[in-house]
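Asks: Input: one structure, supplied below.
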Amino acid sequence: MEPPEVRPEDVMVGQKRPRSEDELPHCEHHKRRSRCKECGGSGFCEHNKRKSRCKECGGSSFCEHNKRKSRCRECGGSSICVHKKLRSRCRECGGSGVCPHSRLRAQCKECGGSSFCVHNKRKSRCRECGGSSICEHNRRKSRCKDCGGSSICEHGKLRSHCKDCGGSSICEHKRIRSRCKDCGGGELCEHKKLRSQCKECGGSSFCEHKKIRSRCRECGGSSICEHNKRRSRCKECAELKFCEHKKIRTECKECAAKLVS
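Residue 1 is where the sequence shown starts when you use full-length UniProt numbering, and the numbers rise one by one after that.
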């Protein structure tokens, strides 16, 4: 029902004029009308983002370094602490985003972080959930050679693990820093073994049968083929992989020419 028409002479001095439905501050979705996407609020740009937070539109929330002003270290943003970190994620400052286990709350399994799926994996990295970081080859996009992942260098290796590129994970001994005994790598246990591959430490690479999980037949390890043998040592699988020209079947031009003809 439309509100009754109000004449100027009927309004007393100091009394507010009744607002029409279009003038009300909140819409039918119980949001500020200017900030409601469904209602086409004036606060949203053509990219369907808040105008102030849209880089394409040159939003006022972005500084000259093309970062959010409040989160820009160069500009001394209000969200940056004295340790040059986001205040909410700073352990020294006791940030609200840090849990009792000294991890980011969203990324902590013990705290049931929102970044983990029902399979107890990172949502973006879970193959079963079709995570956004998984490519069509069922690998991490950034680490997939076929997709030209951003983490792959010109030598076809992980950039951080490439000695020729001086990868950040390579130590002064030309080894992966976390696995270097001389550097006291973080992946090494007290027995000087990779923690994940140490039986005494209950490494994650071992299954309940005390075998390397990928090589365990009972667990259906990934290294076990359909012939119930180690894939790398299976003659039947080798015959299927290589063609009559002694080349990998999928990469053989002669076999491809036969299929075309």
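Beta carbons: idealized from backbone N, C-alpha and C, even for Gly.
In this text, all values refer to a predicted model and were calculated from it rather than measured experimentally.
Is H26 helix, strand or coil when you go by DSSP?
Replies: In the structure shown, H26 sits in a strand (DSSP, three-state: E or B).
Asks: Among the residues of its own chain, which have a CB less than 7 Å from the CB of G41, if the five just before and after it don't count?
Replies: Correct list, in chain order: R33, S34, R35.
Asks: Suppose the cutoff is 7 Å on Cβ atoms and the five residues either side in sequence are ignored; what does the same chain contact list for S60 look like?
Replies: These residues qualify, in order along the chain: S52.
Asks: Quick one: what's V98 bridged to in DSSP?
Replies: DSSP output for V98 lists L104 as bridge partner(s).
Asks: Run through the DSSP bridge pairs and tell me what R68 is partnered with.
Replies: Note: R68 sits in a beta bridge opposite F62.
Asks: What number of angstroms, rounded off, separates the C-alpha of R105 from the C-alpha of R231?
Replies: When rounded, the distance between both Cα atoms is 40 Å.
Asks: Can you check whether the CB of R140 is closer than 9 Å to the CB of G149?
Replies: Yes, the Cβ-Cβ distance between G149 and R140 is below 9 Å.
Asks: Going by the CB atoms, is the gap between S151 and R143 shorter than 9 Å?
Replies: Going by C-beta atoms, R143 is nearer than 9 Å to S151.
Asks: Taking S205 and R217 to be in contact with their CB atoms under 8 Å, please state how far apart those CB atoms are, rounded to whole angstroms.
Replies: Contact doesn't hold; Cβ gap of about 16 Å is too wide.
Asks: Kindly indicate which three-state DSSP category R140 falls into: helix, strand or coil?
Replies: Strand at R140.
Asks: What runs of the alpha helix (DSSP H), each 4 residues or longer, lie entirely inside the segment 221-255?
Replies: If we require 4 residues or more, the alpha helix (DSSP H) runs fully inside the segment 221-255 come out as 235-241.
Asks: Report the rounded CA-to-CA distance for I134 versus G77, giving the unit in angstroms.
Replies: Their Cα atoms are separated by approximately 34 Å.
Asks: Between the beta-carbon of E226 and the beta-carbon of C243, is there less than 9 Å?
Replies: Not in contact: E226 and C243 (Cβ atoms no closer than 9 Å).
Asks: My assumption, with CB atoms under 8 Å, is that E93 sits in contact with H83. Please give the rounded CB distance.
Replies: Residue 93 is actually Cys in this sequence, not Glu. About 7 Å separates the two Cβ atoms, so the contact holds.
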